[in-house]
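**Student:**
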Amino acid sequence: MGHARRHTGRPVAPILMAALVAGVLAGCSGAGASPSVGLPTFAATVPTSDPARAPLDPCAALIAPADVAGVLGLDPAQTDVRTVRGVPAPAVGRTEKLDCTYTAEKGRPLFTVRAATYATPEAARQQWQLNAGLENGDRHDITVGTATGVLFVRRGELLLTVVDGPKTLAVQLPDRAVPKGRARENLVTDLAQRALKIDPAAAVGSPVGAPGAAPTPVATGG
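When you read off a place in the sequence shown, starting at 1, and then add 49, the result is the number in the numbering used here.
As structure tokens, then:
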């Protein structure tokens with residue numbers, strides 16, 4: 050009897066295990082088929098904006114790199130601008146500030162433009178006069194269109210700083226960036242006109258009443 054019990058007891062465990070495994074698999078299959086468990090779905094990606102309508106870089110809007118390439122005789126594909134946005138300065142009425150560095154091949158710096166906007170023309174002029182008083186070099190008072198300007202002649206570079214209503218602008222031009230045969234005074238004025246969107250036919254070089262050395266006429270360039 051004992052031998053018969055041992056013989057009939059051995060296959061019981063595999064049968065039970067098979068039944069348990071089958072039950073587990075059936076349970077998993079049922080869970081997968083349940084309508085309460087849904088598969089994730091993803092909506093098609095839709096562009097949030099049209100690249101063609103993306104806002105223009107503010108410095109590129111000031112003076113387009115392509116225009117700079119044309120003026121300086123450079124390759125437009127390698128002429129660019131680096132933009133640094135400043136912060137507002139309520140204490141002096143400044144609402145916006147831009148520092149623009151125009152570059153040629155391999156990032157070689159050409160010249161810089163600093164532009165600022167103020168809450169009122171009075172605030173702009175006051176800050177412009179303060180900043181101009183801190184500059185060095187031979188000073189020459191000029192006008193660029195309707196803008197009041199001061200040209201600082203330094204060794205190796207020119208600095209033209211102007212105020213036009215609520216806006217101020219400073220163009221710093223190293224001599225090395227001036228094309229051969231081009232007058233540097235004309236070039237720095239040309240760049241300021243482009244940034245201020247002033248008609249090149251407007252008078253440039255009229256004496257103004259800003260404090261400084263005797264007004265010196267500066268002819269406009271093409």
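Beta carbons are placed, not taken as given, at the ideal position from N, Cα and C, and that holds for glycine.
Given 8 Å as the limit, is there contact between the stretch 155-168 and the stretch 213-220, that is, 3 or more CB pairs closer than that?
**Tutor:** Flag = yes, the stretch 155-168 and the stretch 213-220 touch.
**Student:** Would you kindly check if the distance between the Cβ of Thr152 and the Cβ of Arg134 is under 9 Å?
**Tutor:** For the purposes of this step, residue 134 is taken as residue 85 along the sequence shown, with counting starting at 1. For the purposes of this step, residue 152 is taken as residue 103 along the sequence shown, with counting starting at 1. Not in contact: Arg134 and Thr152 (Cβ atoms no closer than 9 Å).
**Student:** Would you list the residues sitting across from Ala164 in a DSSP beta bridge?
**Tutor:** Numbered from its first residue, the sequence shown carries residue 164 at position 115. The partner list for Ala164 (beta bridge, DSSP) reads Leu147, Leu218.
**Student:** Rank Trp177, Ile191, Leu147 by C-alpha distance to the C-alpha of Thr238 and give the top, closest one.
**Tutor:** Against the sequence shown, residue 238 aligns to sequence position 189. Thr238 has its Cα closest to that of Ile191, out of Trp177, Ile191, Leu147.
**Student:** Under the rule that 16 or more other beta-carbon atoms within 10 Å means buried, what is Val117, buried or exposed?
**Tutor:** Locating residue 117 in the sequence shown gives position 68, counting from the first residue. Per the 10 Å Cβ criterion, buried.
**Student:** Cα separation between Asn180 and Gly119?
**Tutor:** Indexing the sequence shown from 1 puts residue 180 at position 131. Indexing the sequence shown from 1 puts residue 119 at position 70. Taking the straight line joining both Cα atoms gives about 31 Å.
**Student:** Considering Cα atoms alone, identify which of Arg203, Trp177, Pro215, Asp187 is closest to Thr144.
**Tutor:** By 1-based counting over the sequence shown, the position of residue 144 is 95. Cα-wise, what sits closest to Thr144 is Pro215.
**Student:** Work out the CA separation of Val141 and Leu208 for me, nearest whole Å.
**Tutor:** If you number the sequence shown from 1, residue 208 lands on position 159. If you number the sequence shown from 1, residue 141 lands on position 92. Taking the straight line joining both Cα atoms gives about 23 Å.
**Student:** Measuring only the C-alpha atoms, how far is Gly156 from Pro139?
**Tutor:** To locate residue 156, count along the sequence shown from 1; it is residue 107. To locate residue 139, count along the sequence shown from 1; it is residue 90. Roughly 34 Å between the two C-alpha positions.
**Student:** Could you check where the alpha helix (DSSP H) with Arg174 kicks off and where it finishes?
**Tutor:** For the purposes of this step, residue 174 is identified with residue 125 of the sequence shown, where counting begins at 1. Looking at the DSSP string, the run of the alpha helix (DSSP H) that includes Arg174 is 170-182.
**Student:** For Thr169 and Ala109, I'd like the C-alpha separation in whole angstroms.
**Tutor:** Here residue 169 refers to the residue found at position 120 when the sequence shown is read from its first residue. Here residue 109 refers to the residue found at position 60 when the sequence shown is read from its first residue. Cα-Cα distance, rounded: 25 Å.
**Student:** What's the gap between the Cα of Ala232 and the Cα of Val202?
**Tutor:** For the purposes of this step, residue 232 is identified with residue 183 of the sequence shown, where counting begins at 1. For the purposes of this step, residue 202 is identified with residue 153 of the sequence shown, where counting begins at 1. Each residue's alpha carbon lies about 13 Å from the other.
**Student:** Could you spell out where the beta strand (DSSP E) holding Pro134 opens and where it closes?
**Tutor:** Residue mapping note: residue 134 aligns to position 85 of the sequence shown, counting from 1. It is Arg, not Pro, that sits at residue 134 in the sequence shown. 129-134 is the extent of the beta strand (DSSP E) around Arg134.
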